[in-house]
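The structure under discussion appears below in the form of structure tokens.
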Amino acid sequence: MSAQPRFLVVGGGLAGLMATIKIAERGHPVALFSVVPVKRSHSACAQGGINAAVNIKGENDSPEIHCYDTVKGGDFLAHQPPVRSMTLEAPKIIYLLDRMGVPFSRTGEGDLDFRRFGGTLYHRTAFAGASTGQQLLYALDEQVRRYEVEGLVQKYEGWEFLGPILAAPGGPCCGIVALDLRAMKIEAFPADAVILATGGLGVVYGRSTNSVICTGSAAAAAYLEGARFGNAEMVQIHPTAIPGEDKMRLMSESARGEGGRVWVPRKKGDTRDPKEIPEAERWYFLEEKYPKFGNLVPRDIGSREIYHVCVDLGLGVGGENQVYLDLTHKSREFLDRRLGSILEIYEQFVGDDPRTVPMRIFPAIHYSMGGLWVDYEKTPDGYYDPASPRNHMTNLPGLYAAGECEYQYHGANRLGANALLSCIYAGLVSGPAATIYAAQGTAQRAAEQPSSLFDDAARRWRDRFERLRRMQGRENARTLHRELGDLMIDNVTIVRTNANLDRTDDTISGFMERWKEIGVTDTGDWSNQELPFVNQLDNMLQLARLITRSARLRDESRGAHYKPEFPARDDANWLKSTIATHTPRGPEFSFEEIDTSLLKPVARKYD
Amino acid sequence: MRREIVLKIQRQERPGAPAAWQEFRLPYRPRLNLIACLQEIARRPVDAAGRAVTPIAYESACLEEVCGSCSMRVNGVPMQACSTLVDNLPDGTITLEPLSKFPLVRDLIVDRTPMFEGLKRVRGWIPIEGTYDLGPAPRRAPAEQGEAYDYSRCMTCGCCMEACPNFSGHAPERFVGPAPLGQAYYFLLNPTGRMEEGERLEALMGRGGITACGNAQNCAAVCPKEIPLTDAIARLNRQVNRRWLARLFGG
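Top line first, the protein sequences correspond to chains U and A.
Mapping of the first sequence onto my numbering: residues 935 to 1541, in sequence order.
Mapping of the second sequence onto my numbering: residues 448 to 698, in sequence order.
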């Protein structure tokens, strides 16, 4: 084998593409794996924008304030040095993306424009219309294509990561096993460092704002091989989504950032056309309860208030679980320019024109703050140490995680427009960290491993898929998945009670038994979409268990995690990350102190 | 008014295998899109005659018309299945077929690699020096940004390529196709991209380049993002001609 270190990146969203670029820029070849052509990754779905305290609106915004907002937004559950490093880098990231050609919206003077988003009082969100994730993803995709033409990047699009290859239990990671989704061939790929950038897990909940590819299966596979998983209970519910039978479509926070107002009729069962309801008979409940932040409270708070108004007070529009999100007071020209693409989505899927009729929305599963545990090393002044190979490394040496699949930046609740930032930043950090690790004399090189290590790993997965192919029970995997999603949505979302969580955990055990009774209808060896899904569903059941048990343990309310039995944040007992480690008996939990060396936890208020 | 949804879907197990139609019946509900229908079939893969069948192979990801995965021919016209609501289709049987201009993989899945290869040919990127901190990019007028934004929404879905009479993914060397040309124009709108104007325009000359466009104008008509592809191609054509003449006369 060659002396050149081998790098594998799994996942072609913002985090994976940025990590790929950073490694290639250092002259190293990278193999990039993705279940879909990378340009179709879920990052494309981000709408509203990306945060950076560039401060061009004369507000005296700064990265330190951005750090404070992010830490407070996350209810003090995020380690602070990584957050501070990210917010310091954010303005440079915006400039880099600008140089890459992202068509960011502009002020009249030709500067980057910024809009408001939730959880901050500053104009800090750069945007490209209302499809910012798409433009950012494409810009990075284009840079990777350039490296592909130069021969430094080799793409494996249409390949699914099945699991890491470990030289011994506990690592180091020496490669991956992956499945060619077209030819249904399973192969082992040796590597000196592997970066997982495999995205979120919304599909565990069946219908969410996530793409159908966001199963979390890859992160679960790493967990099952010994990677620790942090804060699984912290799953963000976005306040405003369009309910649908196949998915919940996101209605970006930028709709409120640009002036959208949330309201319900004050009178229960008011059947009047919304435009016929006079101002005095409308309840703008967020503006009333949170005069300072109004409709731009953080997402956990917005979702809980909407849920409360609909479910507890029964004031949902038309007696259903929906509230108005109203933009009709804004001019058509303004709306088309600033929010065109999301208003088109609403129009297309609902049939009403949101420029003239208030939208009907309800909260939906949106983002996982939790994910694979990753390490960092800090300097004495509280930033990432850029020379450390430990940044973004999981507890398995040589295995890194970056983006939504890890738990690093958002604590118990993510602020809007911080996801695009954290994914790109995680790529910027993990790529170089992996190259530093691979260059160390102490790293065990894949080339030094016996070939039997890779042959055995591939054989184990081939055997596993052969067993899946022979499953002849009566359960349909897609139906079981839908039931899992309904169970999770009913019990592990906005309001959580220990009794329900215990019951849910029991039901998941039952689902795990039912999984074994799946009957596979497609046994073919060409583009068989059923076998990978059966495998993913197994992993999704593991994640459902992790989320539920982590939620059961945390007897407090913090960020997205709310238990009426324990309605207050309890820093004395719970200012710590929930860390799960896989064992044959199921997850074992430990707790990790939070690095609060920069900002002392304070009460989290937005009124 | 529909009471049930009848879908006629073209099935083909693999390249070279015979193609056949299968029919499926689903109970009607309002606001169903075609991906929701395919998901329902996957939960109960039984055809209209009550026979158990394999689930239909198709691509999908975002389900909100931004990833470009689920292109297929619906009643003969290329479109995104996720944003196509049953309610908006004429009553009667709905036919689903794979795109015909790309090599078939299975059922509704085709291989759209030729389009991504086209993006390589047109140098579809901004040649930045490096990812290190070099400060902001040049200022851009809002109007220029607005025009660029329209082209930046191309999802590489392939609907325009399907509708184009001159493109064929089976012989992509004959014509690079409208989507990569739209992107070529997009990169020329960028101040840094323009610095390579010569190379960019020359990449569009020669076999399979812009002169292979027959000006049928089908591309813009089927684009789900309403990208003004014909405008881009017309403007590119003028720029390429100027370049060619300048080269001819040593300018």
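Note that the Cβ used here is the ideal one computed from N, Cα and C, for glycine as well.
| Query | Result |
| --- | --- |
| Cβ shell of Phe1283 (chain U) (< 8 Å), same chain only, five flanking positions each side left out | Ile1176, Gly1178, Arg1183 |
| Against chain A: residues of the stretch 1444-1461 of chain U by CB proximity under 8 Å | Thr1455, Asp1456, Gly1458, Trp1460, Ser1461 |
| Beta-carbon proximity check, Ile1481 (chain U) vs Glu1254 (chain U), cutoff 8 Å | no |
| Between the CA atoms of Val1536 (chain U) and Gly515 (chain A) - distance to the nearest angstrom | 45 Å |
| Assumed close pair Asn985 (chain U), Thr1059 (chain U) - CB separation to whole angstroms, cut-off 8 Å | 5 Å |
| CB contact check: Phe549 (chain A) to chain U, cutoff 8 Å | no |
| Proximal residues of chain A, C-beta to C-beta of Gln1088 (chain U) below 8 Å | Within chain A, no residue comes near Gln1088 (chain U); the closest Cβ sits about 14 Å away, beyond 8 Å. |
| Neighbour list for Val964 (chain U) in chain A, Cβ cutoff strictly below 8 Å | Chain A residues near Val964 (chain U): none, gap ~14 Å exceeds 8 Å. |
| Straight-line Cα distance separating Ser615 (chain A) from Gly629 (chain A) | 17 Å |
| Span separating the alpha-carbon of Glu959 (chain U) from that of Glu1210 (chain U) | 59 Å |
| C-beta contact flag for Ile575 (chain A) and Met1034 (chain U) at 8 Å | yes |
| Residues of the stretch 555-568 of chain A whose Cβ lies closer than 9 Å to any Cβ of chain U, in chain order | Ile556, Asp558, Arg559, Thr560, Phe563, Leu566, Lys567 |
| Exposed unless 16 or more other CB atoms sit within 10 angstroms - verdict on Trp1307 (chain U) | buried |
| CA-to-CA distance, Gly539 (chain A) to Ser1511 (chain U), given in whole angstroms | 56 Å |
| Sequence-distant residues of the same chain with beta carbon closer than 6 Å to Tyr1056 (chain U), five excluded per side | Glu993, Asp995 |
| Candidates U:Gly1092, U:Glu1076, U:Gly1044: closest to Arg584 (chain A) by CA position | Position check: residue 584 (chain A) holds Ala in this sequence, whereas Arg was assumed. Checked all of U:Gly1092, U:Glu1076, U:Gly1044; the closest Cα to Ala584 (chain A) is U:Gly1044. |
| Enclosing beta strand (DSSP E) for Ser1356 (chain U) [first to last residue] | No beta strand (DSSP E) contains Ser1356 (chain U), which is instead part of the alpha helix (DSSP H) from 1353-1373. |
| Rounded straight-line distance, which links the Cα of Ile674 (chain A) to that of Glu511 (chain A) | 17 Å |
| Candidates U:Arg1206, U:Val1196, U:Lys1226, U:Ala1298: closest to His1263 (chain U) by CA position | U:Val1196 |
| Status (buried if at least 16 other CB within 10 Å, exposed otherwise) for Ser1443 (chain U) | exposed |
| Inter-residue Cα distance where the pair is Met935 (chain U) and Arg1379 (chain U) | Reliability of the predicted coordinates at Met935 (chain U) is poor, the pLDDT of 40 falling under 50, and no value is obtained from them. |
| Three-state secondary structure assigned by DSSP to Leu1113 (chain U) | strand |
| Chain U within 8 Å of Asn637 (chain A), Cβ atoms only | yes |
| Element boundaries [alpha helix (DSSP H), containing Ile674 (chain A)] | Per DSSP, Ile674 (chain A) belongs to no alpha helix (DSSP H) and is neither H nor E. |
| Beta-carbon spacing of Cys666 (chain A), Cys611 (chain A) below 8 Å | yes |
| Cα-Cα separation, Gly1407 (chain U) to Thr501 (chain A) | 16 Å |
| Identified DSSP bridge partners for Pro1124 (chain U) | U:Gly1109 |
| Beta-carbon spacing of Glu1311 (chain U), Arg1324 (chain U) below 8 Å | yes |
| Touch test, the stretch 1525-1541 of chain U against the stretch 519-536 of chain A, Cβ-Cβ under 8 Å, three pairs minimum | no |
| Within chain U, partners of Tyr596 (chain A) - CB distance below 7 Å | Pro1037, Ala1062, Gly1063 |
| Environment of Phe696 (chain A) [buried if 16+ CB atoms lie within 10 Å] | exposed |
| For His1263 (chain U), the three-state DSSP class (helix, strand or coil) | coil |
| Assigned secondary structure, Trp1217 (chain U) (DSSP; H/G/I helix, E/B strand, else coil) | strand |
| Ala1392 (chain U) versus U:Ile1099, U:Ala1131, U:Arg1403, U:Tyr1280, residue with shortest Cα-Cα distance | U:Ile1099 |
| Contacts around Glu460 (chain A), its chain only, beta-carbon distance under 7 Å, and the 5 residues preceding and following it disregarded | Arg553 |
| Short CB-CB distance (under 8 Å) between Arg461 (chain A) and chain U | yes |
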